[in-house]
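K.L.:
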Amino acid sequence: MAIKDISNVADRGVIFTFDDDISVYLIKGDNNWYLCDTHLGPGSMEYIKSYMAQQLKQQPVIVFNSHSDWDHIWGNCAFPGRIIIGHDLCPERMKDIGQYELKAQSSFQQGMIKLVPPNLTFSESLTFAEDALKFIYAPGHTIDSAICFDYRDSVLFVGDLVEFPIPYLDCGDLDLYLKTLNIIKEFPARVKVSAHSGIVDNALIECNIAYITDIIGGVCVDPEFYRECPDVHNFNINNRLFAMYESAVRQQLGANFDYGRFRSNFGDFKKMKYAQLQQALEDYLVRLAGHLL
Ligand SMILES: [Zn+2]
């Protein structure tokens, strides 16, 4: 994996985009430097570290995780002893799904990965006034999603909350997602940076809002929304079905619930047909009720 592009945004922000089109965002504050997301492992982070080492003036780095998905946190272990910021729910979700994702997505690993959760978490927001930065809870893509606002440069890093052409839906509460997207749309930031789609504008945010509104309404979603990536739409539909069953199984098993053990019974949601997944989930429930698992 190599860096495809390094772009300066305003005075002190730098977007690093890797070959796979995933970006991390570095803010060079006066007191600390802040790295938003850590891509796929310490291998990727070598590029960022060498960039930082080449700068004339350097500051200690603080890491921020926009959420706990694997493609945003695997490089945390490249920064031992450093502050890693995330929402309160981020360490919990990482513990829940982390090992499963590490195995399921193993072909994407960049270097030897050790899962390292955030060690400085917040509930609603966290401000570093001396560097004019604010981290804000923004649930929607996932329940632990958060954004970073650089109010000196007027740049907002939105992680996976805005994505071209449609976002991944991995949080049951889509009304919450709409609320967050409307806040992002109205946010007084000059530039909005997404982790998968570079600099985004309000037209894309409105498209994301329209797509989610259709999903909430249960109407047949216009294929124009996802023409370029039918797999993501298929994933979203299947994932919503899976989440319903997951919460039922969680309730039933309580402390004995193991996400990895449960999730590994089902295939790739991007490719699977809805009816096939539903049948597999129903069969699982029957086996669970009969104590056959
Ligand atoms: Zn992502």
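Each residue of the sequence shown is one higher than the last, beginning at 477 in the working numbering. Beta carbons are placed, not taken as given, at the ideal position from N, Cα and C, and that holds for glycine. Since this is a predicted model, take the numbers as computed values, not measurements.
#1: From which residue to which residue does the beta strand (DSSP E) around G489 run?
#2: Using 7 Å as the cut-off, classify the Cβ of D497 as near or not near the heavy atoms of ligand 1, replying yes or no.
#3: Checking 8 Å against the spacing of the C-beta atoms, do Q535 and N507 come in under that value?
#4: Measuring alpha carbon to alpha carbon, tell me which of S599, F611 and I561 ends up nearest P593.
#5: Report back the beta-carbon spacing between A478 and T514 to the nearest angstrom; my notes put them in contact at under 8 Å.
#6: Do the CB positions of H656 and L637 come within less than 8 Å of each other?
#7: Under a Cβ-count criterion, where at least 16 other Cβ atoms within 10 Å of its own Cβ denotes burial, should E606 be classed as buried or exposed?
#8: Comparing alpha-carbon positions, which option in K590, G743, L753 and D629 lies nearest L609?
#9: Quick check on the DSSP output: the beta strand (DSSP E) that includes N712 runs from which residue to which?
#10: What does DSSP give as the partner residues of S601 in its beta bridges?
#11: In angstroms, rounded to a whole number, what distance separates the CA positions of K590 and K533?
#12: In its own chain, which residues sit with a C-beta less than 6 Å from the C-beta of A719, not counting the 5 before and 5 after it?
#13: Can you look up G519 in the DSSP assignment and give me helix, strand or coil?
#14: Whole beta strand (DSSP E) runs in the stretch 537-579 with 3 or more residues, listed along the chain?
#15: Do A671 and ligand 2 come close, with the Cβ less than 7 Å from some heavy atom?
#16: By a C-beta neighbour count over all protein chains shown, 10 Å radius and 16 as the cutoff for buried, is S621 buried or exposed?
#17: Out of Q728, N714, D744 and H672, state which residue places its alpha-carbon closest to the alpha-carbon of G766.
#18: Locate the beta strand (DSSP E) running through N484, then write down its first and last residues.
#19: So, helix, strand or coil for F733, using DSSP?
#20: Check each candidate in I660, D707 and F611 and name the one with the smallest Cα separation from V539.
#21: Please find out if some non-hydrogen atom of ligand 1 comes closer than 7 Å to the beta-carbon of D636.
#22: Is it the case that the Cβ atoms of R569 and S544 are separated by a distance below 8 Å?
#23: Nearest to W550 by alpha carbon, out of S520, S526, L565 and L761?
#24: So the candidates are A671, A614 and D547; which of them puts its Cα closest to the Cα of L502?
#25: So Y644 and N541 are supposed to be a Cβ contact under 8 Å. How far apart are they, rounded?
#26: Would you kindly check if the distance between the Cβ of K661 and the Cβ of V634 is under 8 Å?
#27: Would you grab the beta carbon distance between F742 and V725 for me? Rounded to a whole angstrom, and I think it's under 8 Å.
#28: Taking all protein chains shown into account, decide if D626 is buried (16 or more other Cβ within 10 angstroms of its Cβ) or exposed.
#29: Measuring only the C-alpha atoms, how far is R703 from L596?
#30: Which of helix, strand or coil does DSSP assign to F584?
P.N.:
Considering the structure as presented:
#1: For the purposes of this step, residue 489 is identified with residue 13 of the sequence shown, where counting begins at 1. Looking at the DSSP string, the run of the beta strand (DSSP E) that includes G489 is G489 to F494.
#2: Looking up residue 497 in the sequence shown gives position 21. Outside the cutoff, so no.
#3: Within the sequence shown, numbered from 1, the residue matching residue 535 stands at position 59. Within the sequence shown, numbered from 1, the residue matching residue 507 stands at position 31. Contact: yes.
#4: Translated into positions along the sequence shown, residue 593 becomes position 117. Checking every option, the nearest Cα to that of P593 belongs to I561.
#5: Counting from 1 along the sequence shown, the entry for residue 478 is found at position 2. Counting from 1 along the sequence shown, the entry for residue 514 is found at position 38. Actually they are not in contact, since the Cβ atoms of A478 and T514 sit about 16 Å apart, beyond 8 Å.
#6: Locating residue 656 in the sequence shown gives position 180, counting from the first residue. Locating residue 637 in the sequence shown gives position 161, counting from the first residue. The identity of residue 656 in the sequence shown is Thr, whereas the question assumes His. Cβ distance < 8 Å, so T656 and L637 count as in contact.
#7: For the purposes of this step, residue 606 is identified with residue 130 of the sequence shown, where counting begins at 1. Label assigned to E606: exposed.
#8: Residue numbering aside, residue 609 sits at position 133 when the sequence shown is read from its first letter. Among K590, G743, L753 and D629, the Cα nearest to that of L609 belongs to D629.
#9: By one-based count along the sequence shown, residue 712 stands at place 236. Note, N712: premise wrong, no beta strand (DSSP E); alpha helix (DSSP H) at P706 to L729.
#10: Looking up residue 601 in the sequence shown gives position 125. I612.
#11: Along the sequence shown, read from residue 1 onward, the residue named residue 590 stands at position 114. Along the sequence shown, read from residue 1 onward, the residue named residue 533 stands at position 57. Rounded to the nearest angstrom, the two C-alpha atoms are 30 Å apart.
#12: Numbered from 1 along the sequence shown, position 243 holds the residue referred to as residue 719. Here the set comprises G648.
#13: As a first step, residue 519 is located in the sequence shown; it is residue number 43 there, counting from the start. Of the three classes helix, strand and coil, the one that applies to G519 here is helix, per DSSP.
#14: 537-540 and 560-563
#15: Only ligand 1 can be found as ligands here, which leaves ligand 2 out of the picture.
#16: Indexing the sequence shown from 1 puts residue 621 at position 145. That one is buried.
#17: As a first step, residue 766 must be located in the sequence shown, where it is residue number 290. Residue Q728 is the option with its Cα nearest to G766.
#18: Stepping through the sequence shown from its first residue, residue 484 is reached at position 8. Where N484 is concerned, the enclosing beta strand (DSSP E) stretches over I479 to V485.
#19: What you label residue 733 is simply residue 257 of the sequence shown in a count that begins at 1. Three-state result, F733: coil.
#20: As a first step, residue 539 must be located in the sequence shown, where it is residue number 63. When only C-alpha atoms are compared, the closest one is F611.
#21: On the sequence shown, residue 636 is found 160 positions in, with the first residue counted as 1. Yes, since a heavy atom of ligand 1 falls inside the 7 Å radius drawn around the Cβ of D636.
#22: Counted from its first residue, the sequence shown places residue 569 at position 93. Counted from its first residue, the sequence shown places residue 544 at position 68. Cβ atoms of R569 and S544: closer than 8 Å.
#23: Taking the sequence shown and counting its residues from 1, one reaches residue 550 at position 74. The shortest C-alpha separation from W550 is found at S520.
#24: Against the sequence shown, residue 502 aligns to sequence position 26. The shortest C-alpha separation from L502 is found at A671.
#25: Here residue 644 corresponds to residue number 168 of the sequence shown, with the count starting at 1. Here residue 541 corresponds to residue number 65 of the sequence shown, with the count starting at 1. With a Cβ gap of about 16 Å, Y644 and N541 do not count as contacting.
#26: Reading the sequence shown from its first residue, position 158 is the one you call residue 634. Reading the sequence shown from its first residue, position 185 is the one you call residue 661. For V634 and K661, no; Cβs fall outside 8 Å.
#27: Working through the sequence shown from its first residue, we reach residue 742 at position 266. Working through the sequence shown from its first residue, we reach residue 725 at position 249. Incorrect: roughly 12 Å between the Cβ atoms, too far for contact.
#28: Along the sequence shown, one-based indexing puts residue 626 at 150. The residue is buried, with at least 16 neighbouring Cβ atoms inside 10 Å.
#29: Residue 703 sits at position 227 when you count from the first residue of the sequence shown. Residue 596 sits at position 120 when you count from the first residue of the sequence shown. Answer to the nearest angstrom: the Cα atoms are 40 Å apart.
#30: Numbered from its first residue, the sequence shown carries residue 584 at position 108. DSSP places F584 in helix when its eight states are reduced to three.
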